[in-house]
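Residue numbers (the numbering used here): 4 to 175.
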């Protein structure tokens, strides 16, 4: 998969915001240091796929505020079944709003994460979460993303126009 911006242009992999997010999730103890998203060759696609089922996001909230989500309501192994993943993601978003005080405008739509069509909105929500008062009391260095947040979507290599495929192939 390749990350494209809202105009359909290939995004530069030098964008560091996703790496900052991985570092923050690691500081919060929701990702281990040896997780593949922390590997030198990791990409934003690895992070997107890690968050895609919503499990890690729900676990994050329970680390930040133990008991804020009844983990019996979170399917820990949804195996990318759309209904189960979207339910987990909705639980995360509702808890961000109700317990952590995030505004509706700070939240992404569940499909943005599951379908990977606006992953930078997901990163923006995590940044807002890291900066909310409840999380700041935990004294975990917050996640800072550049503003404005760029809209992006993931596409499969096979769906790319031929010139982009040649350009990507030359990069390998």
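Glycine included, every Cβ here is placed at the ideal spot set by N, Cα and C.
For residue 139, the uninterrupted alpha helix (DSSP H) run begins and ends at 136-139, by DSSP.
As the crow flies, the alpha-carbon of residue 110 is around 7 Å from that of residue 96. Inter-residue distance for residue 102 and residue 116 is about 21 Å (C-alpha atoms, whole angstroms). Only buried fits residue 23, as 16 or more other CB atoms lie within 10 angstroms of its CB.
Taking the Cα positions, residue 107 is about 12 Å away from residue 132. Going by DSSP, residue 143 is part of no alpha helix (DSSP H) at all; its letter is neither H nor E. A straight line joining the alpha-carbon of residue 100 with that of residue 74 spans about 18 Å.
In terms of Cα proximity to residue 66, the closest of 135, 38, 136, 28 is 28. In the DSSP annotation of this structure, the continuous segment of the alpha helix (DSSP H) that includes residue 20 starts and ends at 20-30.
Boundaries of the alpha helix (DSSP H) harbouring residue 94: 85-101, taken from the DSSP string. Nearest neighbour of residue 81 by Cα position, chosen from 69, 64, 59, turns out to be 59. Nearest to residue 54 by alpha-carbon distance, out of 30, 37, 76, 83, is 83. By the neighbour-count criterion, in which a residue is buried when 16 or more other Cβ atoms sit within 10 angstroms of its Cβ, residue 121 is buried.
A residue is called buried once 16 or more other Cβ atoms fall within 10 Å of its Cβ, and residue 56 is buried on that count. Of all alpha-carbon atoms in 77, 92, 130, 114, the one lying nearest the alpha-carbon of residue 105 is that of 130. Here the alpha carbons of residue 114 and residue 124 stand approximately 11 Å from one another.
A residue is called buried when at least 16 other Cβ atoms come within 10 angstroms of its Cβ; residue 136 does not meet this threshold and is exposed.
For residue 43, the three-state secondary structure derived from DSSP is coil.
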